[in-house]
Amino acid sequence: MSNWSKIMECVPNFSEGRDRDKIEKIVSPFRGKEGVKLLDYSNDEDHNRLVVTTVGEPEALKNAVIEAIGIATELIDLTKHEGQHPRMGAVDVVPFIPIRGCTMEEAVNLSKEVGEEVGKRYDLPVFLYEKSASAPHRENLAAIRKGEFEGMEEKIKQPEWKPDFGPAKRHATAGAVAIGARMPLVAYNVNLGTDKLEIASDIAKKIRFIGGGLRYCKAMGVELTDRGIVQVSINMTDYTKTALYRAFELVRIEARRYGVPVVGSEIVGLVPMEALIDTVSYYLGLENFSMQQVLEARIME
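Residue numbers for the sequence shown follow this note's numbering, so the first one is 82 and each next one is one higher.
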């Protein structure tokens, strides 16, 4: 990987978090490929969702992602899918993130190449989002996904929601997919000591940007039925501007209103070290601490 002149990251989200056999088949295109490295994949049974983190040289990564989308489109039937996480497609969202030696513009171009090929090859409607969006109202993934798989059949017929690639018709079993380019995102969840979903949802509304909360924060309430608790599920869209500890502390402040404790938190997938350094510095009261003081970071230079 150190020999690669360009490193692009991709974090595709698939609507399958329970069937181990299907998960392994979907992940298989990222294994044993020249120019591609599978970094992490995690499935959540409550969300019924698989999050894959992979990096590679742009062309090799593009081919692996297209192959994985094809497998997921064939294996996942959304007419039989239930889960806590909103979804509109078997492959719900495919973001490309420039990491080293490549620009956001290159990530945007790669997302468009993948979108065009996926639309043609799999007869799948494709919406470009975030930095790749073809119109302002398509930048926000939540706006594209509103109505989810069930509502997409009618939504996609509206002129303002004509797909960027592929047919203007919802795929019968695989729905639609959002593909784009964005900054690194941290998926961060805070667990609450209650089983009342309305409390988590209310807190999520207060902490997310659209509700007057943190600027680079998206959030929703989720029920963790197997543990008998609820969760504020958070996407930090720019950790360099809104730190993880701010989201955690704001959830704790709002939870106090209901007499509910925070019982833990989790990071889904991988996280940039800088995001953790910021949080460690806050809780330990470190002064002028930087990445240069992290042993592993210096070794990797």
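Just so you know, even glycine gets a beta-carbon here, dropped at the ideal spot from N, CA and C.
Here the structure is a predicted model, which means the values were calculated and not measured.
Cβ-Cβ distances below 6 Å link V175 to P93 and I260 in the same chain, with the five nearest sequence neighbours on each side left out; the list follows chain order. Secondary structure note for F177: its beta strand (DSSP E) is the uninterrupted segment V172 to R181.
Using a 10 angstroms sphere on the CB of N124, the tally of other CB atoms reaches 16 or more, which defines it as buried. DSSP, read as helix, strand or coil, puts G247 in coil. Secondary structure remark: continuous beta strand (DSSP E) runs of at least 3 residues inside the region 176–226, in chain order: 207–211. The Cβ-Cβ distance between Y269 and I315 falls below 8 Å.
Counting C-beta atoms within 10 angstroms of its own C-beta, T321 has fewer than 16 neighbours from the protein chains shown and is therefore classed as exposed. Non-local C-beta neighbours of R181 in its own chain, meaning closer than 6 Å and more than five positions away in sequence, comprise I88, ordered along the chain. E304: member of the beta strand (DSSP E) spanning C298 to L305, first to last residue. Under the three-state reduction of DSSP, K103 is assigned to helix. Non-local C-beta neighbours of E229 in its own chain, meaning closer than 7 Å and more than five positions away in sequence, comprise P167, R168 and M169, ordered along the chain.
A153 and D173 have their alpha carbons spaced roughly 10 Å apart. Apart from sequence neighbours up to five positions away, no residue of its chain approaches K161 with a beta-carbon distance below 7 Å.
8 Å or more divides the Cβ of A262 from the Cβ of E197.
Assignment of K277 by DSSP, reduced to helix, strand and coil, places it in the coil class. Exclusion of the five residues before and after L305 leaves D127 and Q312 as the residues of its chain whose Cβ lies within less than 6 Å of its Cβ. Cβ neighbours of K103 within its own chain (closer than 6 Å, five residues either side excluded): E97 and L156. Taking C-alpha positions only, L365 is separated from T323 by approximately 18 Å. Here DSSP, grouped into helix, strand and coil, assigns R308 to coil. Residue state for N369 is assigned as coil, using DSSP reduced to three classes. In the DSSP annotation of this structure, the continuous segment of the beta strand (DSSP E) that includes R130 starts and ends at R130 to G137. Excluding five sequence positions before and after Y297, the CB atoms of its chain that fall closer than 8 Å to its own CB belong to F290, M317, T318, D319, Y320, K322 and T323, given in chain order.
Cβ contact annotation for V136 (same chain, cutoff 8 Å, sequence separation greater than five): M82, I88, M89, E90, C91, V117, K118, L120, L142 and I180, in chain order. Per DSSP, V343 is one residue of the beta strand (DSSP E) stretching across V343 to V349. Taking F370 as the centre and dropping the five residues before and after it, the same chain places the C-beta of S362 closer than 6 Å to its C-beta, in chain order.
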